[in-house]
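**Q**
There are 2 protein chains.
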Amino acid sequence: MNTAKRDIFQAVADPTRRAILTLLALQVMTPNALAEHFNMSRQAVSKHIGVLAQAHAVKLEYRGREIHYHINAKKMQEIDQWMATFRNLWDDKFGQLDEVLKDI
Amino acid sequence: MNTAKRDIFQAVADPTRRAILTLLALQVMTPNALAEHFNMSRQAVSKHIGVLAQAHAVKLEYRGREIHYHINAKKMQEIDQWMATFRNLWDDKFGQLDEVLKDI
DNA sequence: TATAAACGCAACCATTTGGTTGCGCAAATT
DNA sequence: AATTTGCGCAACCAAATGGTTGCGTTTATA
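If you read the protein sequences in the order shown, they are chains A and B. According to full-length UniProt numbering, the first sequence is numbered sequentially starting from 1. According to full-length UniProt numbering, the second sequence is numbered sequentially starting from 1.
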């Protein structure tokens with residue numbers, strides 16, 4: 001079990017890992033099932049899953065020799081919380097744009 | 001002017017760049033003004049700004065020898081759009097948790 | 001005109017990343 | 001019991017990253 005801390009933002013920085021998270025948002029999956037969706041070695045996918053696990057973006061459920069990976073929605077929420085800083089900006093800035101366009 | 005494409009998720013993967021974006025959400029700033037907030041060389045901060053520019057997370061406004069960096073809220077919205085996949089999950093999963101706790 | 005300030009380019013370096021292949025162990029299947 | 005399956009560990013490699021220092025060009029100031 002790896003206990004190294006990993007940043008959730010670093011975890012989602014890679015497109016492969018984002019795709020993994022998107023798949024897990026739909027259903028619980030095993031490493032081999034996930035690997036079938038990518039054109040890279042099973043080990044490469046396993047490495048990405050490892051990064052997601054370190055960031056606590058996924059939760060593991062061991063069933064014999066199989067591991068079922070679940071999305072950890074709570075962890076994903078940290079991204080949403082950071083985004084709060086900008087949310088009011090695009091609302092406001094789009095409002096400003098509308099204002100400018102109205103004057104043309 | 002760099003035109004290399006850069007992923008917005010890769011841009012925010014680094015804590016220094018997230019801090020830069022948070023500062024720019026508050027006010028327009030120049031590279032030197034931004035550099036004052038960090039314990040690293042001015043050039044290191046400039047490099048980070050370069051990554052953000054490549055990802056179109058910031059917009060540049062040249063004023064003589066100074067560059068004023070603005071947040072590009074529209075680009076930040078891409079992160080929010082990807083997050084939509086998970087938003088209903090934590091609402092739903094928290095709801096399930098409430099359901100379980102209610103039975104205790 | 002001389003000097004200072006703003007700030008990116010380039011080279012360098014250590015570390016990290018993202019992929020591959022080979023291997024080994026435990027669980028499941030035959 | 002033998003074989004297969006699931007899947008992580010380790011080593012390797014090329015590329016990318018994140019920091020530093022030195023330098024040069026353009027703009028602003030004295």
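C-beta: ideal position from N, C-alpha, C; glycine also. As the structure is a computational prediction, the values presented were derived from the model and not from experiment.
Are three or more beta carbon pairs between the stretch 73–81 of chain A and the stretch 44–60 of chain A nearer than 8 Å?
**A** yes
**Q** Taking 6 Å as the limit between beta carbons, can you name the residues of its chain near B/T16, skipping five residues before and five after?
**A** For the purposes of this step, residue 16 of chain B is taken as residue 16 along the second sequence, with counting starting at 1. H48, listed in sequence order.
**Q** Roughly how many angstroms separate the alpha carbons of A/I43 and B/V28, rounded to a whole number?
**A** Within the first sequence, the letter at position 43 stands for residue 43 of chain A. Within the second sequence, the letter at position 28 stands for residue 28 of chain B. For the record, residue 43 of chain A in the displayed sequence is Gln; it is not Ile. Cα to Cα, A/Q43 sits roughly 45 Å from B/V28.
**Q** Count Cβ pairs between the stretch 80–88 of chain B and the stretch 63–71 of chain B that sit closer than 8 Å; are there 3 or more?
**A** no
**Q** DSSP on A/V28, reduced to helix/strand/coil?
**A** Against the first sequence, residue 28 of chain A aligns to sequence position 28. A/V28 falls in the coil class under three-state DSSP.
**Q** Would you call the CB atoms of A/P31 and A/S41 closer than 7 Å?
**A** Here residue 31 of chain A corresponds to residue number 31 of the first sequence, with the count starting at 1. Here residue 41 of chain A corresponds to residue number 41 of the first sequence, with the count starting at 1. No. Outside cutoff.
**Q** What is the DSSP secondary structure of A/H70, reduced to helix, strand or coil?
**A** Reading the first sequence from its first residue, position 70 is the one you call residue 70 of chain A. Three-state result, A/H70: strand.
**Q** Buried or exposed for A/L26, going by 16 or more other Cβ atoms inside 10 Å?
**A** Numbered from its first residue, the first sequence carries residue 26 of chain A at position 26. Exposed, because fewer than 16 other Cβ atoms sit within 10 Å of the Cβ of A/L26.
**Q** Three-state secondary structure (DSSP) at A/T3?
**A** Here residue 3 of chain A refers to the residue found at position 3 when the first sequence is read from its first residue. Residue placement at A/T3 cannot be trusted, given a pLDDT of 48 that sits under 50; what the coordinates show is reported in the next sentence. Coil.
**Q** List the residues of chain A whose Cβ lies closer than 9 Å to the Cβ of B/F38, in chain order.
**A** In the second sequence, the residue the question calls residue 38 of chain B occupies position 38. Going along chain A, no residue has its Cβ under 9 Å from B/F38, so there is no contact; the nearest lies around 17 Å.
**Q** Just the Cα atoms here: how many angstroms apart are A/N39 and A/L24?
**A** As a working mapping, residue 39 of chain A is identified with position 39 in the first sequence. As a working mapping, residue 24 of chain A is identified with position 24 in the first sequence. When rounded, the distance between both Cα atoms is 18 Å.
**Q** Hey, does B/V12 have any beta-carbon neighbour from chain A nearer than 7 Å?
**A** For this step, residue 12 of chain B is matched to residue 12 along the second sequence. Taking Cβ atoms only, chain A reaches closer than 7 Å to B/V12, which makes this a yes.
**Q** In chain A, which residues lie less than 7 Å from B/A73 when you measure between Cβ atoms?
**A** Against the second sequence, residue 73 of chain B aligns to sequence position 73. Those within 7 Å of B/A73 in chain A are F86, L89, W90 and K93.
**Q** Looking at the structure shown, is A/E78 part of a helix, part of a strand, or coil, going by DSSP?
**A** The count along the first sequence starts at 1 and reaches residue 78 of chain A at position 78. Three-state result, A/E78: helix.
**Q** Would you say B/M76 reaches chain A, if we count a Cβ-Cβ gap shorter than 7 Å as a contact?
**A** Taking the first residue of the second sequence as position 1, residue 76 of chain B is located at position 76. Yes, because at least one Cβ of chain A sits closer than 7 Å to the Cβ of B/M76.
**Q** Using a Cβ-Cβ distance cut-off of 7 Å, determine whether B/T22 contacts chain A.
**A** Here residue 22 of chain B refers to the residue found at position 22 of the second sequence. True, the Cβ-Cβ gap to chain A drops below 7 Å.
**Q** What separation, rounded to the nearest whole angstrom, lies between the Cα atoms of A/I79 and B/I79?
**A** Numbered from 1 along the first sequence, position 79 holds the residue referred to as residue 79 of chain A. Numbered from 1 along the second sequence, position 79 holds the residue referred to as residue 79 of chain B. Straight-line Cα distance between these residues: approximately 9 Å.
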